[in-house]
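If you're matching positions, the sequence shown starts at 3 in our numbering and goes up one per residue.
Input: a single structure, listed below in structure tokens.
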Amino acid sequence: MSDTPATRHTPRVFSGVQPTGNLTLGNYLGAVRNFVALQEDDTFERLYCVVDMHAITQPFKPAELKTAIYEVAAAFIAAGLDPEKSILFNQSRVTAHAELGWIFNCVARMGWLNRMTQFKEKAGKNKENASVGLYAYPNLMAADILAYRATHVPVGEDQKQHLELTRDIAQKFNSDFNAPDFFPLCEPLIPAESARIMSLRDGTAKMSKSDPSDNSRINLSDTADVIAQKIRKAKTDPEPLPGEAAGLADRPEARNLVGIFAALLGSTPDDVLKDFGGKGFGDFKPALAELTVEKIAPIGNEMRRLTAEPDHIDAILMAGAERAARIARPIMADVYETLGLTGGGSAGW
Ligand code: TYM
Numbered sequence: 003m004s005d006t007p008a009t010r011h012t013p014r015v016f017s018g019v020q021p022t023g024n025l026t027l028g029n030y031l032g033a034v035r036n037f038v039a040l041q042e043d044d045t046f047e048r049l050y051c052v053v054d055m056h057a058i059t060q061p062f063k064p065a066e067l068k069t070a071i072y073e074v075a076a077a078f079i080a081a082g083l084d085p086e087k088s089i090l091f092n093q094s095r096v097t098a099h100a101e102l103g104w105i106f107n108c109v110a111r112m113g114w115l116n117r118m119t120q121f122k123e124k125a126g127k128n129k130e131n132a133s134v135g136l137y138a139y140p141n142l143m144a145a146d147i148l149a150y151r152a153t154h155v156p157v158g159e160d161q162k163q164h165l166e167l168t169r170d171i172a173q174k175f176n177s178d179f180n181a182p183d184f185f186p187l188c189e190p191l192i193p194a195e196s197a198r199i200m201s202l203r204d205g206t207a208k209m210s211k212s213d214p215s216d217n218s219r220i221n222l223s224d225t226a227d228v229i230a231q232k233i234r235k236a237k238t239d240p241e242p243l244p245g246e247a248a249g250l251a252d253r254p255e256a257r258n259l260v261g262i263f264a265a266l267l268g269s270t271p272d273d274v275l276k277d278f279g280g281k282g283f284g285d286f287k288p289a290l291a292e293l294t295v296e297k298i299a300p301i302g303n304e305m306r307r308l309t310a311e312p313d314h315i316d317a318i319l320m321a322g323a324e325r326a327a328r329i330a331r332p333i334m335a336d337v338y339e340t341l342g343l344t345g346g347g348s349a350g351w
């Protein structure tokens, strides 16, 4: 971790997950598992958010969005987040996100947003038809983090560019309004072994909830049978596994599967290859399937139990939102005051 001004602020972790479709093994290994690990570190206050307002930047169906919000909250809890130890809530319940998001629309520069690769990927060829919200998405993400003056943000590698933008926004706000250190420059916390889990059908594409092929991903809600079947069908190559990770360099599918095995086990690809080097996928895949089922299927079972009681989840999200709003309120009062927006925001509180 670098020595940035972040250290002068209360150590606080914030992260978010979009309620768009099923959560995947990529979301779990790249982010959610890290959220749970941070729970054991009392240095930090922790906020984990279902970012439902980000989910409306692309076409969606209201009834499905509502279900997905509960599902992501259930996945958080099923994966091991304790609503007492971490603040769990959904974004739209705390108005500070939208308010600060608008302010950051006026701080961030068009040129900065034009460089965002995720916008280009998500908008595709039809950029003219993308929502303005999809374009301004990273400003809302910066607002999520800075409404709490969060100092650390656990994410997968694909969010790195957005976090660099968050730092740029914080820095520009601090300097434009002559408020040194008003916002911290947050640090990304990106896991070493599982920063980028790839598709089971194409080792060069990210495992994603939006991939049209369900066989490309393991969903946290998949049953043991489905998990085993998807691993059996995963794309591989005809060579046996090498003895060391360096031998995986030009073998994206093999590298991904060995990486998943290592991440699930909490070891390294080199260690995995000590056991499997020289063996074929006929030996490796059943072992990977068994390990994945052991680690992931219980999460799916617990999610099913929790989503059967939406009122319980609702109460957790409501209590979390109240705690989150208590942190954001004085920060937002400071923001409005700093901008000269007299009395700003107070009507909504
Ligand atoms: P989202 O919902 O796409 O993904 C949630 C988290 O999962 C990580 N992730 C992966 N990690 C490794 N391998 C993969 N294949 C993989 N797929 C997804 C993501 O990096 C992320 O950490 N913009 C964010 C949500 C967000 C947010 C925030 C995050 C909104 N506001 C504030 C942090 C702080 C997103 O779309 O994540």
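Heads up, the beta-carbon is just placed ideally off N, CA and C, and yes, glycines get one too.
No experiment lies behind these values; they were computed from the predicted model shown.
query, result
"Would you please state the rounded distance, in angstroms, between the beta carbons of Met305 and Leu102? I believe it to be under 8 Å.", "Not really, about 31 Å apart at Cβ, beyond 8 Å."
"Quick check: does the Cβ of Arg198 come within less than 8 Å of any heavy atom belonging to the ligand TYM?", "yes"
"Inspect the beta-carbon positions of Ala33 and Gly205 and report whether they are closer than 9 Å.", "no"
"So, helix, strand or coil for Pro13, using DSSP?", "coil"
"Assuming the contact rule is C-beta atoms closer than 8 Å, Phe184 and Thr340 should be a hit. Round their C-beta distance to whole Å, please.", "7 Å"
"Identify, in the order they occur along the chain, each residue of the same chain with its Cβ nearer than 6 Å to the Cβ of Pro13, setting aside the five sequence neighbours on each side.", "Thr45, Phe46, Thr153"
"Could you say which of Arg198, Ala230, Ile301, Gln20 lies nearest to Asn258 if we only look at CA atoms?", "Arg198"
"Please classify Thr26 as buried or exposed, where buried requires at least 16 other C-beta atoms within 10 Å of its C-beta.", "buried"
"Cβ of Lys211 within 8 Å of any heavy atom in the ligand TYM?", "yes"
"Are the CB atoms of Ile220 and Met209 nearer to each other than 9 Å?", "yes"
"Tell me which same chain residues have a C-beta within less than 6 Å of the C-beta of Ser196, skipping the five on either side of it?", "Leu31, Gly32, Ala265"
"Using the rule of at least 16 other Cβ atoms within 10 Å of the residue's Cβ for burial, across every protein chain shown, is Ala230 buried or exposed?", "buried"
"Runs of 4 residues minimum, wholly inside the region 106-185: which ones carry the alpha helix (DSSP H) assignment?", "112-116, 119-125, 134-148, 162-178"
"Taking Asp316 as the reference, which of Leu222, Thr69, Gly28 has the closest Cα?", "Thr69"
"Can you find the residues in the same chain that come closer than 6 Å, C-beta to C-beta, to Ser94, ignoring five residues on each side of it along the sequence?", "Asp54, Met55"
"Under three-state DSSP, which class holds Ile229?", "helix"
"Taking only the alpha-carbon atoms, compute the straight-line gap between Asp277 and Tyr139 and give it to the nearest angstrom.", "44 Å"
"Quick one: measure Cβ to Cβ for Thr119 and Met143, integer angstroms, because I've assumed they're closer than 8 Å.", "Between Met143 and Thr119 the Cβ distance is about 14 Å, and since that is not below 8 Å, they are no contact."
"Only counting the same chain, and skipping five residues up and downstream in sequence, which positions put a Cβ closer than 7 Å to that of Arg10?", "Asp183"
"Using three-state DSSP, classify Pro7 as helix, strand or coil.", "The predicted model places Pro7 with a pLDDT of 45, which falls under 50 and marks its position as unreliable; any figure quoted below should be read in that light. Note: Pro7 maps to helix in three-state DSSP."
"Between the C-alpha atoms of Phe91 and Ala75, what's the straight-line distance to the nearest angstrom?", "8 Å"
"The ligand TYM and Glu159: does any heavy atom of the ligand fall closer than 8 Å to the residue's C-beta?", "yes"
"Report, in whole angstroms, the separation of the C-beta atoms of Leu83 and Phe37, which I expect to be a contact under 8 Å.", "6 Å"
"Helix or strand or just coil, what does DSSP make of Arg35?", "helix"
"Measuring CB atoms only, is the region 278-290 touching the region 229-248, in the sense that at least three cross pairs come out at less than 8 Å?", "yes"
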